[in-house]
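S.K.: I'd like to ask you about the structure that follows.
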Ligand SMILES: Cc1cc2nc3c(=O)[nH]c(=O)nc-3n(C[C@H](O)[C@H](O)[C@H](O)COP(=O)(O)OP(=O)(O)OC[C@H]3O[C@@H](n4cnc5c(N)ncnc54)[C@H](O)[C@@H]3O)c2cc1C
């Protein structure tokens, strides 16, 4: 994207890591690290929500959130009844806090199409309305942004990690092509939730345990 090289544009997790380190070093009392600054958060998921909550705690003067997908209905529709996963709009703590402070901050069916700045530092973002995840020609406009946080999702563990362990196949039951390497959690299923991390960690541990029992019985029989 034009202007991506400008300063002030961070991957969300890099920013959240720095913010957490600052809390560990300086305590949880609000800081003024972002006093007077306008922040643009790209992405409407849990990570974007954490970014919004964090920039508020750092004293941001305003925040805009862009979500490329359309807004979901606020109530279940007739075709989405229990026990199906509720396809309803969720508002995390960060979004709720931001709305109480700044009003409606989230633009749905919108994305960034360019970054602009001065002296190597971002100060404006060009945003576009989207249609089926593509920017609509002629819908571009600019908003002020001194800090941009990229929170558009993860695709899972990087291939080099598997390559370095010699893993060519990951099975559903946490085993791999190497009988001594097991894979669980986000690394196995891609970006997910804590509850799945806990479940897979426990289930994987049982598999590891069972594999030791097999090894022991083989050793005893030789
Ligand atoms: C910003 C953000 C917000 C989120 N919000 C939510 C939420 O609100 N609710 C929710 O349920 N889930 C949320 N998630 C997802 C949740 O954090 C993950 O699904 C969960 O942590 C996965 O657990 P895991 O044990 O598989 O992996 P992780 O928690 O990622 O643990 C993997 C560990 O392995 C370490 N590691 C990586 N590479 C190596 C290596 N080569 N050698 C040794 N160690 C290594 C990492 O440092 C890390 O400690 C969020 C994720 C992010 C990034």
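Residue numbers (my numbering): 134 to 355. From the three backbone atoms N, C-alpha and C, an ideal C-beta is built for every residue, glycine too. Keep in mind it's a predicted model, so treat the numbers as computed, not measured.
Based on the DSSP output, what are the partners of residue 198 in its beta bridges?
M.R.: Beta-bridge pairing links residue 198 to 174 and 239.
S.K.: Between residue 332 and ligand 1, is there a pair consisting of the residue's CB and a ligand heavy atom that are separated by less than 8 angstroms?
M.R.: Because no heavy atom of ligand 1 lies under 8 angstroms away, the Cβ of residue 332 does not count as near it: no.
S.K.: Output yes or no for whether 9 angstroms exceeds the beta carbon distance between residue 258 and residue 278.
M.R.: Going by C-beta atoms, residue 258 is nearer than 9 angstroms to residue 278.
S.K.: Within 10 Å of its beta-carbon, does residue 173 have 16 or more other beta-carbons around it, so buried, or fewer, so exposed?
M.R.: Buried is the call here.
S.K.: Could you tell me whether the Cβ atoms of residue 294 and residue 188 are closer together than 9 angstroms?
M.R.: No; because the gap between Cβ atoms is not below 9 angstroms, this pair is not in contact.
S.K.: Alpha carbons only, please: which of 284, 324, 317 and 136 is nearest the one belonging to residue 149?
M.R.: If we check each option's Cα against that of residue 149, 284 comes out closest.
S.K.: Taking the continuous alpha helix (DSSP H) assigned at residue 309, which residues delimit it?
M.R.: Where residue 309 is concerned, there is no enclosing alpha helix (DSSP H), given that its DSSP letter is neither H nor E.
S.K.: When DSSP builds the beta bridges, which residues end up paired with residue 280?
M.R.: Paired residue(s): 172.
S.K.: Reducing DSSP to helix, strand and coil, say where residue 297 ends up.
M.R.: Residue 297 falls in the helix class under three-state DSSP.
S.K.: Grab me the residues of residue 204's own chain with a C-beta within less than 7 angstroms of its C-beta, minus the 5 sequence neighbours each way, in chain order.
M.R.: Excluding residues within five positions, the ones whose Cβ falls inside 7 angstroms are 222 and 241.
S.K.: Can you grab the Cα-Cα spacing for the pair residue 346 / residue 212, in whole Å?
M.R.: Cα to Cα, residue 346 sits roughly 48 angstroms from residue 212.
S.K.: Pull up the distance between the alpha-carbon of residue 298 and that of residue 310, whole angstroms please.
M.R.: In a straight line, the C-alpha of residue 298 is about 10 angstroms away from that of residue 310.
S.K.: Rounded to whole angstroms, what is the Cα-Cα separation between residue 238 and residue 232?
M.R.: Rounded to whole angstroms, residue 238 to residue 232 spans 6 angstroms at the Cα level.
S.K.: Could you tell me whether the Cβ atoms of residue 307 and residue 333 are closer together than 9 angstroms?
M.R.: Going by C-beta atoms, residue 307 is nearer than 9 angstroms to residue 333.
S.K.: Per DSSP, what are the beta-bridge partners of residue 332 in this structure?
M.R.: According to DSSP, which records beta bridges pairwise, residue 332 is partnered with nothing at all.
S.K.: Can you grab the Cα-Cα spacing for the pair residue 264 / residue 274, in whole Å?
M.R.: Roughly 16 angstroms separates the two Cα atoms.
S.K.: Using C-beta distances below 7 angstroms, list every residue in its chain close to residue 141, excluding the 5 sequence neighbours before and after it, in chain order.
M.R.: Within the same chain, residue 141 has close Cβ partners 254, 255, 279, 280 and 281.
S.K.: Using the three-state DSSP reduction, which class does residue 345 fall into: helix, strand or coil?
M.R.: Residue 345 falls in the helix class under three-state DSSP.
S.K.: Going by DSSP, what residue range makes up the alpha helix (DSSP H) through residue 158?
M.R.: Run containing residue 158: 145 to 159, per the alpha helix (DSSP H) assignment.
S.K.: Nearest to residue 276 by alpha carbon, out of 243, 192, 167 and 269?
M.R.: Minimum Cα distance to residue 276 is reached at 243.
S.K.: Say the cut is 8 angstroms; is the CB of residue 324 nearer than that to a heavy atom of ligand 1?
M.R.: Residue 324: yes, Cβ under 8 angstroms from ligand 1.
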